[in-house]
Amino acid sequence: MGKNRLTTSIAIILGLMALGLLGGGAWLVTLGGSPFYAVAGAVLAAVAVLLYRASTLAWWVYAALLLTTLVWSLWEVGLDWWGLAARGDVFFVVAVVLLTPWVARRLVEARPLAPVRDGDLGSRRRFGWRGGRGALAAVTVLYLGVGVVTAVVDPHSTQGSLPENRGTATAPDPERIPPGEWHAYGRTGHGQRYAPLAEINVDNVDRLEEAWHFHTGDQRGQPGDPEETTFQVTPLKVGDMLYLCTPHQFVIALDATTGEERWRFDPKIRSGLALQHLTCRGLSYWSSDGTPPPASGPAAERPTATQAALPAPPLPVAADESPATDNCLRMLYMPTADGRIIALDPETGAVCRNFGAGSGQINLWHGMPNVRLGGYYSTSPVIASQKVLVVGGTVLDNVSTSEPSGVIRGFDVQTGELLWHWDPARPDDNTPLQAGQTYSESSPNVWSIMSVDEALGLVYLPMGNPPPDQWGGNRSEAIERVGSSVVALDLATGRLRWVFQTVHHDLWDYDVPSQPTLVDLTLNGATVPALVQPTKQGELFVLDRRTGRPVHAVQEVPVPQGAAEGDRTAPTQPVSAISFGPPPLTGASMWGATLFDQLACRIAFDKLRYEGRYTPPSTQGTLVHPGNFGVFNWGGIAVDPVRQVAFTTPTYLAFTSQLVPRPDDTSLIVQDGGPPEGALPALNENLGAPFAVKMAPFTSALGLPCQAPPWGFVAGVDLVSGEVVWQHRNGTVRDVAPIPLPFRMGVPNLGGPLITAGGVAFLSGTLDNYIRAYDLTTGDQLWQGRLPAGGQATPMSYTGRDGRQYIVVAAGGHGSLGTKAGDSVIAYALPSVAPAR
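Start counting the sequence shown at 642; every next residue gets the next number (this note's numbering).
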């Protein structure tokens, strides 16, 4: 038959590919999936045989396979370039190879009745583009043409323009913060992440340049660091100073105009901590009205309800370990990983002795059950209102059912004396603890950022879950009432004012992750004090912050049923009129770099339990979409209070969750890498519960998400009409792909956005190392700056001494996301103009 090594080698490769498709395709069919892969494997096997026999029929059969693949792909995913590429990239490359002159010559030469002689016109025709080779060439060109069309068509983009004027020039600022300053995580206690500065605008933002670059000297990778050691800080700007904290808890003050270090404070954190997260998202700032603080004295002379409870473990005393000052009329509050809140003088960094009865700190372990240092502390800045310091904290997730309490406490902002507590397991009981008592163990906690409305006298709590997250058979009625909810407490007394639950009987780790954003909305001619709450499952609940009642409609929709043994599921879940909840995944939603890993993802998809959003965890293994990474996470959203619009950053990543029956309350059964090092906790064991849990992102063997891109967007929302006006995929795979190609696929984001009065929004949290600027009206990208490390933080903006507007972002990477580590704090500004002579 005149076979040769080239066509034989190609035939063998195609035969192996055919075997993979046949085997995997048959498996997929038995699971109820698409028969295409099995059929394609059979046809490819025929092509391999024909090619081995050097038959030109191979061209015809392969042309039919390529055309069928194109039609099937368009039927499944439409004009989606990445969806088409995953299905046809390998087949397209094979087609190009089969059309090459080297293969064509071998096939024609092998024909016994068609010898090729120099000058033989008929032979040249047979070697040309007629017959099967021409048919395959035509289908290949058609495939290429469809690819070109889909490369310029974006089926995932929504075009529109947000309203630019609501009839008001400014929004009220009840906290009276100077426009050029940033006094809280979200600039104010309202959490809007809005800078009322307009020097940088849509016309000049593309001229931004680096103004200064500061290195903290603090990076992850030190002994005792958990995997999730992250640089997430949003600095504060007060006067001429910028204040920030680092992952290992150093507090640093910088000159806000030059970036020069002014002072640094080391809280001397205890070693050997049982940490799940190591981060500091920010500091809190308070300034008195000029009234001297009460005289301080030894702790024994100032009994408090906290000190009457179970004694706390000894911790370093800030006023003994560091320089201190007697009376601070202004304070910075730093939460530490060993469970303290330290008060510092913003001017010098000295510890304030008038706080904490001479110690300069609050020991948060007072009254705590199940003391395990590192198992409870505040990862987020506390609320510093004019009179009350409100403190929450994170509790270890999925380690055991015997963890510290998620109690929320209010302290005197000047002295640190306990004023009240709110125990989520006893939400209607504010009775002070008595000697020997503790707060309720393993209750829902507030690990994210709270908000406050001092005019209404309310503090707003984004509530988490009690551990374990994926099994709730032993939760009390009180916990069921407040878990995964937005809770409003009376700021002065801590009494419960209202509750709005975002998930009923949460089994998906859908704790409320984002700071509630407070904004006044003009609805039907009336001003409504509203609260906007983003959630992990993709809802934007808009509530009247006085009462907790929805401003935009909320419906209860039926959800999948069938919880694990000993548990239950809620029959319905709330869905907001403003929802970024993803459409249900299907087999056609699966993706891969090639047809083969896409097939593997389809097999994995059909093996998992999945009935849409809120499919309960199972021993079979459940697909959770969106996963606990969240459509929205701690970065939240940014709101322009003048235009009454929001800039949002929805992310879509599916996760898997499998319950593993526990044989006892002590064995470690899901620690694939062996027991954790040192004091680090054994995550996901759920000691004391019936099940441990295995959780992972839903990815292929290549580490790529099994669901098709885009995985990340920016979106603009009109909060008055409740409409998502525009939405665009955002970010590239440059820093997460094996080959650093800047494909704009839309990547996940972790970190919050910033809006300025110049009509520009900023975001740095995407998985590629960039800070970007967008036109708030349309969502169009206007500028980007390359970062030296992952920018998983929230930018902020202020005015320097030189009158210039600065944009500042921390770039230090995120441990569990694997973005590049660093220690940078970078300021951007427009080019300075030399003064006239």
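From the three backbone atoms N, C-alpha and C, an ideal C-beta is built for every residue, glycine too.
Bounds of the alpha helix (DSSP H) holding residue 750 are 742 to 750. When secondary structure is reduced to three states using DSSP, residue 962 falls in the helix class. Of all C-beta pairs linking the region 1303 to 1312 to the region 1216 to 1223, fewer than three are shorter than 8 Å, placing the two stretches out of contact. In the structure shown, the three-state DSSP call for residue 1006 is coil. In this structure, DSSP gives residue 1239 a helical state, which the three-state scheme calls helix. For residue 653, the secondary structure class from DSSP, reduced to helix, strand or coil, is helix.
Annotation: residue 731 to residue 689 spans about 15 Å, alpha carbon to alpha carbon. For the options 1155, 1184 and 822, the alpha carbon positioned closest to that of residue 1162 is the one of 1184. Here the alpha carbons of residue 773 and residue 699 stand approximately 8 Å from one another.
In this structure, residue 703 lies away from residue 681, with their beta-carbon atoms at least 8 Å apart.
Setting aside the 5 residues that flank it on each side, residue 1243 is surrounded in the same chain by 669, 674, 1228 and 1231, each with a C-beta closer than 6 Å to its C-beta; the list follows chain order. Secondary structure within the region 1107 to 1176: the beta strand (DSSP E) runs of 3 or more consecutive residues, fully enclosed, are 1126 to 1131, 1137 to 1142, 1158 to 1164 and 1167 to 1175 (chain order). Distance from the CA atom of residue 833 to the CA atom of residue 1334, rounded to whole angstroms, is 36 Å.
In terms of Cβ geometry, residue 1267 and residue 1179 form a close pair [threshold 8 Å].
Within the same chain, 853 come within 8 Å of residue 899 by CB-CB distance, once the 5 residues on both sides are set aside. Contact annotation, residue 1321 with residue 915: C-beta distance approximately 7 Å; criterion of less than 8 Å satisfied.
CA-to-CA, the gap between residue 697 and residue 798 works out to about 44 Å.
For residue 1244, the secondary structure class from DSSP, reduced to helix, strand or coil, is helix.
Per DSSP, residue 851 is one residue of the beta strand (DSSP E) stretching across 850 to 856.
Rounded to the nearest whole angstrom, the CA to CA distance from residue 1070 to residue 1195 is 29 Å. Beta-bridge pairing by DSSP links residue 975 to 983.
With contacts defined by Cβ atoms closer than 8 Å, residue 1354 and residue 1369 form a contacting pair.
Annotated as proximal: residue 1002 and residue 981, with beta-carbon spacing under 8 Å. The beta strand (DSSP E) runs of length 3 or more contained entirely in the region 844 to 920 are, from start to end of the chain, 850 to 856, 877 to 879, 882 to 886, 892 to 896 and 902 to 906.
In summary, residue 789 is exposed, with fewer than 16 beta-carbon neighbours lying within 10 Å of its beta-carbon over all protein chains present. By the neighbour-count criterion, in which a residue is buried when 16 or more other Cβ atoms sit within 10 angstroms of its Cβ, residue 912 is exposed. A straight-line Cα-Cα distance of about 14 Å links residue 1091 and residue 1152. Cβ neighbours of residue 967 within its own chain (closer than 7 Å, five residues either side excluded): 994 and 995. For residue 1248, the closest alpha carbon among the candidates 1422, 1120, 1262 and 1240 is that of 1262. DSSP lists 1403 as the bridge partner or partners of residue 1395. Residue nearest to residue 1327 within the set 1379, 1437, 1109 and 860 is 1109 (criterion: CA-CA distance). In the three-state DSSP reduction, residue 1197 falls in the strand class (E or B). In its chain, beyond the 5 residues on either side, 784 have a beta carbon closer than 6 Å to the beta carbon of residue 711. Residue range 1296 to 1302 is occupied by the beta strand (DSSP E) that includes residue 1298, with no alpha helix (DSSP H) assigned at that position. Around the beta-carbon of residue 653, fewer than 16 other beta-carbon atoms lie within 10 Å, marking it exposed.
Counting C-beta pairs closer than 8 Å gives fewer than three between the region 1360 to 1374 and the region 1231 to 1240, which falls short of the contact rule.
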